[in-house]
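The structure under discussion appears below in the form of structure tokens.
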Ligand code: B4P
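Residue numbers (our numbering): 282 to 482.
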């Protein structure tokens with residue numbers, strides 16, 4: 282089976298990651314790619330925000346880190362992803378949005394996929410310069426009032442990304458999985474670039 286972009290493997294499954302700095306448009310693109318390929322988009326940020334909203338014990342712990350622009354500890358994040366990837370709707374593929382973000386999370390994901398006997402097909406790296414992401418996130422702050430979208434916290438999140446997540450791009454490049462896509466421009470245009478880049482692999 283092949284999807285409309287001709288990228289799935291012989292079993293029709295597609296396992297993708299999308300990585301990029303805060304505000305690069307990961308969540309925006311993940312929703313579109315999920316619809317295009319018929320796979321579940323799993324956003325750790327969305328799951329944390331849902332837990333914060335519902336005041337769960339996980340949400341209470343996560344909020345403190347998110348509001349400071351820090352990553353939620355790996356122990357909490359890894360447990361959440363392990364549980365989510367055990368759900369039946371991801372058996373035929375998934376798009377992980379915002380996970381892994383640390384080298385320890387990469388190891389954890391390797392372990393989860395290894396036990397399941399599956400592997401990643403590609404890692405989409407979405408690029409966008411700092412001025413543009415700050416502009417986008419301040420725009421989102423004005424519209425949605427997310428507590429981690431103040432300018433000070435945005436700058437902190439960008440530093441944390443550069444320190445802890447940017448090194449993951451090298452890891453996945455060495456594995457031959459990276460598809461780098463320019464995240465600047467119209468949302469539809471960026472989606473088109475990602476689909477074309479995946480189909481060209
Ligand atoms: P996330 O929810 O992943 O948030 P993000 O990086 O800010 O967003 P994203 O890149 O998805 O941007 P979006 O599409 O929304 O993480 C939030 C927090 O959760 C983290 O800081 C951390 O504390 C915690 N967390 C999550 N995962 C974790 C993990 N694995 N480990 C530890 N902690 C974790 O786009 C942003 C804005 O730009 C939107 O307003 C959008 O409309 C706009 N936009 C998008 N594309 C555009 C385009 N092409 N042109 C113009 N505007 C565009």
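Note that beta-carbon positions come from the ideal geometry of N, C-alpha and C, so glycine has one too. Nothing here was measured: the structure is a model prediction, and the numbers come from that model.
- If you draw a straight line from the Cα of residue 430 to the Cα of residue 422, it comes to about 5 Å.
- Relative to residue 325, the option among 318, 319 and 333 whose CA is nearest is 333.
- Residue 315 counts as buried, since at least 16 other C-beta atoms from the protein chains shown sit within 10 angstroms of its C-beta.
- Approximately 6 Å separates the beta-carbon atoms of residue 361 and residue 328; this is inside 8 Å, confirming the contact.
- Assignment of beta strand (DSSP E) within the segment 385-457, counting only whole runs of 3 or more residues, yields 403-408 in chain order.
- Inclusion of residue 305 and residue 464 in the CB contact set at 7 Å is warranted, their separation being smaller than that value.
- Per the C-alpha coordinates, the member of 434, 477, 323 and 444 positioned closest to residue 384 is 444.
- Judged by DSSP secondary structure, residue 475 falls within the alpha helix (DSSP H) whose first and last residues are 468-480.
- Comparing alpha-carbon positions, the option among 418, 404 and 403 lying closest to residue 410 turns out to be 418.
- In the DSSP assignment, residue 356 falls within the unbroken alpha helix (DSSP H) covering 355-365.
- Pairwise C-beta distances place the segment 330-345 out of contact with the segment 436-455, as fewer than three of them are shorter than 8 Å.
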